[in-house]
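S.K.:
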Amino acid sequence: MNQEEYFGISSINHLPAILKRIAAQRMFLVTGDKSFLESGASAFFTRNITGIAVKRFYEFGALPRLEDVERGVKMCRVFAPDVVVAVGGGTVLDIAKLVNLFSLWSGSISEFLFQSKTVDWKVKPLVAIPTTSGSGSEATHFAVLYVGNTKYSVANQTLLPSVAIVDPALTLSLSPHHTAVSGMDAFSQAVESYWCIHSTDESKGYAREAIELVCSNLITAVHKGTEESRIAMAKAAHLAGKAINITKTTAPHALSYALTAWFGVPHGQAVGFTLPSFLEYNSNVTAEDVTDQRGVEYVKKTVGEVISFLGCATVKSGKEWIQQLMKEIGLATTFKELGLEKTGAIQKLLDDVNLERLVNNPRGVNNLKMEELLEKL
Ligand SMILES: [Fe+2]
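Residue numbers (the working numbering): 9 to 385.
(1) Restricting to Cα atoms, I'd like to know which of ALA262, PRO274, ALA151, LYS42 is closest to LEU346.
(2) Got a sec: does ligand 1 put a non-hydrogen atom nearer than 7 Å to the Cβ of VAL279?
(3) For TYR14, does the three-state DSSP call read helix, strand or coil?
(4) Assuming ASP300 contacts ILE173 (C-beta within less than 8 Å), just tell me the rounded distance between them.
(5) How would you call LYS309, buried or exposed, if buried means at least 16 neighbouring beta carbons within 10 angstroms?
(6) Let me know the secondary structure DSSP gives ARG302 once reduced to three states.
(7) Is DSSP giving GLY191 helix, strand or coil here?
(8) Once the 5 residues before and after ASN164 are set aside, which same chain residues still bring their CB inside 7 Å of it?
(9) Any chance the CB of GLN331 is under 7 Å from a heavy atom of ligand 1?
(10) Going straight from the alpha carbon of ILE337 to that of LEU357, what length do you get?
(11) Could you check whether LEU74 and LYS6 sit closer than 8 Å to each other, using their CB atoms as the reference points?
(12) Using CA atoms only, rank isn't needed, just tell me which of THR99, LEU180, MET334, MET378 is closest to LYS1.
(13) If you measure between the beta carbons of GLY98 and SER143, is that distance less than 8 Å?
(14) Using the three-state DSSP reduction, which class does SER161 fall into: helix, strand or coil?
(15) To the nearest angstrom, report how far apart HIS22 and ILE227 are at their CA atoms.
(16) From ALA194 to MET334, what does the alpha carbon distance come to, in whole angstroms?
(17) Measuring CA to CA, which of GLY16, PRO89, GLU67 is closest to MET35?
(18) Mind checking which residues open and close the alpha helix (DSSP H) that includes PHE343?
(19) Report yes if the C-beta of HIS275 is less than 7 Å from at least one heavy atom of ligand 1; otherwise report no.
(20) Rounding to the nearest angstrom, what Cα-Cα distance links THR208 and ARG55 in this structure?
(21) Quick one: is the Cβ of SER161 within less than 7 Å of any heavy atom of ligand 1?
(22) Taking only runs of the alpha helix (DSSP H) that begin and end inside the stretch 193–267, which ones reach a length of at least 4 residues, in chain order?
(23) Count the other CB atoms, across all protein chains shown, that sit within 10 Å of the CB of ALA61; report buried if there are 16 or more and exposed otherwise.
(24) Who are the Cβ neighbours of ARG216 in its own chain at under 7 Å, not counting the five residues just before and after it?
(25) Rounding to the nearest angstrom, what Cα-Cα distance links THR294 and PHE286 in this structure?
(26) Helix, strand or coil: which one does DSSP assign to LYS125?
(27) Between the beta-carbon of VAL131 and the beta-carbon of THR187, is there less than 8 Å?
(28) Please check the pair PRO72 and LEU153, which I expect to be a contact at CB under 8 Å, by giving their CB distance rounded to whole angstroms.
(29) Which same chain residues, not among the five before or five after ALA242, have their C-beta less than 7 Å away from its C-beta?
(30) Buried or exposed: which applies to LYS384, given that a residue is buried once 16 or more other Cβ atoms fall within 10 Å of its Cβ?
(31) Just checking my contact of PRO260 with SER196 at CB under 8 Å: how many whole Å lie between their CB atoms?
(32) Just to check my reading of the structure: SER211 and ILE254 have Cβ atoms closer than 8 Å, yes? What is that Cβ distance to the nearest angstrom?
(33) For ligand 1, any of its heavy atoms closer than 7 Å to the Cβ of ASP102?
(34) Does any heavy atom of ligand 1 sit closer than 7 Å to the C-beta of HIS186?
(35) Would you check whether ligand 1 has a heavy atom nearer than 7 Å to the C-beta of HIS206?
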């Protein structure tokens, strides 16, 4: 499916014309709570979106949870919109994708997830407008869904938003912490996509550009929030989204979901947590444990390229470079800094690791190897 993309400061100004073109009469608007106001999006909608019936759905937590999506589905079915617009971070965008999909199907989400019923994969036009530079969800054909503390992914080409408007002006008011965690998500997604077993020349092109943009701009975006660094991070996040739309993610994401669901660790912090360790781990790939069809030399070369994009020459310096980046933007690199008791946390991470993403890692991973790696943190 093709996507219409708009990028740049004030690109949100394209929205009224897009709505007019699709003859939108009824808009189901999924947004964050405070972020809708603070990003400036709320003021834009008040000024520029007129003559359309709008139903806003915004009362949910930091994760896309089943019960919230179900509430949105109910509301959306009653309202019967002709367009869905999502303005917010990754959770908002994922909830909008899921509500759009499941509101047009007569079955329940549980029937789809647990009884293998096939959804119709029919959707209304969806305009995705990110207010963070992180998830890249506006560029992907999948959505995360938490049932209890277990993470699921719903994936189909129809979930790719029909329109993506990436306006860095909406990220200017992001706090340093929010900038740091969302930027780390973009960075980890780009690195993981680059070494993923499903990578292609196209995905690697997006991922490389995203990695290099993060390297030169994330620290400035966190500490100074300059317009230039915000534009670069918005681009990085969007490119990383396009990269994982092709490849999906790998081991750091696979281990991150339990950290987020059980311990409330923000997603970007949780994925960055094991990224330096997996850089080292993947660089030590052998003929016995390589999982990428392209072979052990290819994986070693690929990890070496990631290290060179960071401006480093060795695995050790690459690993330290990422750890230093995380320290400089105020993120934790050890269980102690996360405020977690190691033994209990490691067990939860191992119990709940996401196998769907783990198998994308270019070097095979088993529980023993993950435990060793986590013990060192
Ligand atoms: Fe992510």
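Just so it is clear, CB atoms sit at the ideal spot from N, CA and C, and this is done for glycine as well.
This structure is a prediction, so every number in the text was calculated from the model and none was measured.
M.R.: Short version:
(1) Locating residue 346 in the sequence shown gives position 338, where the first residue counts as 1. Checked all of ALA262, PRO274, ALA151, LYS42; the closest Cα to LEU346 is PRO274.
(2) Taking the first residue of the sequence shown as position 1, residue 279 is located at position 271. Yes, since a heavy atom of ligand 1 falls inside the 7 Å radius drawn around the Cβ of VAL279.
(3) Walking along the sequence shown from the start, residue 14 turns up at place 6. Per DSSP, reduced to three states, the secondary structure at TYR14 is strand.
(4) As a position in the sequence shown, residue 300 is number 292, starting the count at 1. As a position in the sequence shown, residue 173 is number 165, starting the count at 1. That pair is no contact at about 35 Å.
(5) The residue you call residue 309 lines up with position 301 of the sequence shown. By the neighbour-count criterion, in which 16 or more other beta carbons inside 10 Å mark a residue as buried, LYS309 falls on the exposed side.
(6) For this step, residue 302 is matched to residue 294 along the sequence shown. It is coil, neither helix nor strand.
(7) Position 183 of the sequence shown, counted from the first residue, corresponds to residue 191. DSSP places GLY191 in helix when its eight states are reduced to three.
(8) Within the sequence shown, residue 164 is the residue found at index 156, counting from 1. So the list reads TRP129, HIS149, once near-sequence residues are dropped.
(9) Taking the first residue of the sequence shown as position 1, residue 331 is located at position 323. Outside the cutoff, so no.
(10) Position 329 of the sequence shown holds residue 337. Position 349 of the sequence shown holds residue 357. Cα to Cα, the separation comes out at about 24 Å.
(11) Residue coverage of the chain in this structure runs from 9 to 385, which leaves residue 6 outside it and unanswerable.
(12) In the structure as shown, the chain begins at 9 and stops at 385. Residue 1 is therefore absent and cannot be evaluated.
(13) Residue mapping note: residue 98 aligns to position 90 of the sequence shown, counting from 1. Residue mapping note: residue 143 aligns to position 135 of the sequence shown, counting from 1. GLY98 places its beta carbon less than 8 Å from that of SER143.
(14) In the sequence shown, counting from the first residue as 1, residue 161 sits at position 153. Strand, per DSSP.
(15) As a first step, residue 22 must be located in the sequence shown, where it is residue number 14. As a first step, residue 227 must be located in the sequence shown, where it is residue number 219. Those two C-alpha atoms are separated by around 30 Å.
(16) Position 186 of the sequence shown, counting from 1, holds the residue named residue 194. Position 326 of the sequence shown, counting from 1, holds the residue named residue 334. Approximately 13 Å, taken between the alpha carbons.
(17) Here residue 35 is taken as the residue at index 27 of the sequence shown, counted from 1. Of all alpha-carbon atoms in GLY16, PRO89, GLU67, the one lying nearest the alpha-carbon of MET35 is that of PRO89.
(18) The sequence position of residue 343 within the sequence shown is 335, counting from 1. Run containing PHE343: 343–346, per the alpha helix (DSSP H) assignment.
(19) Start at 1 with the first residue of the sequence shown, and residue 275 comes out as number 267. Flag set: Cβ of HIS275 near ligand 1.
(20) Position 200 of the sequence shown holds residue 208. Position 47 of the sequence shown holds residue 55. Between THR208 and ARG55, the alpha-carbon positions lie close to 43 Å from each other.
(21) Position 153 of the sequence shown, counting from 1, holds the residue named residue 161. Not so, every heavy atom of ligand 1 lies at least 7 Å from the Cβ.
(22) Runs found: 209–231, 235–255.
(23) The residue labelled residue 61 in the question sits at position 53 within the sequence shown. The residue in question, ALA61, is exposed, as its Cβ has fewer than 16 Cβ neighbours within 10 Å.
(24) Taking the sequence shown and counting its residues from 1, the one referred to as residue 216 is at position 208. Same-chain partners within the cutoff: TYR202, PHE317.
(25) Reading the sequence shown from its first residue, position 286 is the one you call residue 294. Reading the sequence shown from its first residue, position 278 is the one you call residue 286. Each residue's alpha carbon lies about 14 Å from the other.
(26) What you label residue 125 is simply residue 117 of the sequence shown in a count that begins at 1. In this structure, LYS125 counts as coil in the three-state DSSP scheme.
(27) Locating residue 131 in the sequence shown gives position 123, counting from the first residue. Locating residue 187 in the sequence shown gives position 179, counting from the first residue. Contact flag unset, no.
(28) Start at 1 with the first residue of the sequence shown, and residue 72 comes out as number 64. Start at 1 with the first residue of the sequence shown, and residue 153 comes out as number 145. The Cβ separation is near 6 Å, so the contact holds.
(29) Indexing the sequence shown from 1 puts residue 242 at position 234. Within the same chain, SER141, VAL174, PRO176, THR179 come within 7 Å of ALA242 by CB-CB distance, once the 5 residues on both sides are set aside.
(30) Numbered from 1 along the sequence shown, position 376 holds the residue referred to as residue 384. Flag for LYS384 reads exposed.
(31) The residue labelled residue 260 in the question sits at position 252 within the sequence shown. The residue labelled residue 196 in the question sits at position 188 within the sequence shown. Between PRO260 and SER196 a beta carbon distance of about 6 Å is seen, short of the 8 Å cut, so the two are scored as contacting.
(32) The sequence position of residue 211 within the sequence shown is 203, counting from 1. The sequence position of residue 254 within the sequence shown is 246, counting from 1. Their Cβ separation, rounded to whole angstroms, is 4 Å, which keeps SER211 and ILE254 in contact under 8 Å.
(33) On the sequence shown, position 94 is the one that residue 102 refers to. The closest heavy atom of ligand 1 lies 7 Å or more from the beta carbon of ASP102.
(34) On the sequence shown, position 178 is the one that residue 186 refers to. With a cutoff of 7 Å, HIS186 does not count as near ligand 1, since its C-beta is closer than that to no heavy atom of the ligand.
(35) Here residue 206 corresponds to residue number 198 of the sequence shown, with the count starting at 1. Ligand 1 never approaches HIS206 closely enough for any of its heavy atoms to be under 7 Å from the residue's Cβ.
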